[in-house]
Amino acid sequence: MWWQWQWQWQWQWQWPVVVMVVAAARGGREDIRWGSVASMDRGGRLVGIYTAAGRGAAMRARSRARVIEGRGLAGDRYAAGAGTYSAWSGSGRAVTLIAREAVRALVDEGRVTLAEHETRRNLVTEGIDLPDLIGRAFRVGDVVLYGARPCPPCGYLERLLDRPGLWRALAERGGLRADVVRGGTVELGAAIVPLTTS
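Numbering (the numbering used here), first residue to last: 14 to 211.
What follows is the structure in structure tokens.
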């Protein structure tokens with residue numbers, strides 16, 4: 014039930030260090046729930062934040078952003094319902110993420126020239142496997158997101174950037190679409206931590 018999850022998450026959030034110490038004293042991680050500090054070794058960090066005011070508008074780099082529950086990043090086209098795919102139904106329209114490692118691999122392989130902001134994803138991560146977050150809640154700073162589904166590239170991005178071959182190059186590395194479970198603020202360098210419910 015939602016209220017039970019919310020209460021348990023908030024309670025755990027207030028005492029992450031205590032949970033970490035208890036788990037360490039017991040020699041295991043079975044007591045770690047809701048992404049306590051001790052589980053950060055499985056996480057990553059936020060290295061890029063981008064928003065665009067409207068469809069096709071330039072992506073703006075930010076050092077921090079307010080994230081609105083159920084909507085997305087304040088000032089971004091999808092939070093305002095003005096994105097290219099805003100009218101489409103389904104979950105995962107609020108926030109998009111891509112791994113820095115994926116973008117660098119494309120460039121290193123010589124498949125395409127691409128800067129992180131040109132992927133038009135909201136958040137750029139480092140050190141975490143985004144496909145592992147599909148079907149899971151995870152924390153980015155004090156914000157909680159839910160990994161709804163992969164974020165495959167589209168022909169629109171290839172046409173917008175005039176980069177032939179971009180769609181195919183990003184086919185397996187397009188990132189993740191997420192919903193906002195709990196709003197707050199994200200900042201560069203914030204920890205990205207998968208949350209467990211067991």
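Glycine residues also receive a C-beta, built at the ideal position from the N, C-alpha and C atoms.
Computed from a prediction, not measured in an experiment: that's the story for all the values here.
Residue i vs residue j beta-carbon contact at 8 Å
i           : j           : result
residue 77  : residue 87  : no
residue 190 : residue 149 : no
residue 154 : residue 198 : yes
residue 204 : residue 105 : no
C-alpha gap between residue i and residue j, whole angstroms
i           : j           : result
residue 73  : residue 63  : 5 Å
residue 58  : residue 68  : 27 Å
residue 137 : residue 110 : 6 Å
residue 75  : residue 60  : 10 Å
residue 202 : residue 140 : 12 Å
residue 193 : residue 165 : 19 Å
residue 12  : residue 185 : One cannot answer for residue 12 here, as it falls past the ends of the chain, which runs 14 to 211.
residue 84  : residue 126 : 31 Å
residue 103 : residue 187 : 18 Å
residue 195 : residue 94  : 19 Å
residue 71  : residue 129 : 13 Å
residue 118 : residue 91  : 27 Å
residue 121 : residue 156 : 32 Å
residue 200 : residue 124 : 31 Å
residue 172 : residue 116 : 18 Å
residue 81  : residue 152 : 14 Å
residue 160 : residue 177 : 29 Å
residue 183 : residue 96  : 20 Å
residue 181 : residue 167 : 9 Å
Cβ separation of residue i and residue j, assumed to be a contact under 8 Å, to the nearest whole Å
i           : j           : result
residue 135 : residue 89  : 6 Å
residue 108 : residue 158 : 6 Å
residue 133 : residue 65  : 7 Å
Only counting runs of 4 or more residues, tell me where the alpha helix (DSSP H) segments fall wholly within the segment 120 to 190, in order along the chain. 168 to 174, 179 to 182
3-residue-minimum beta strand (DSSP E) runs that sit fully inside the segment 64 to 95, ordered along the chain: As far as the segment 64 to 95 is concerned, its whole beta strand (DSSP E) runs of at least 3 residues are 77 to 81.
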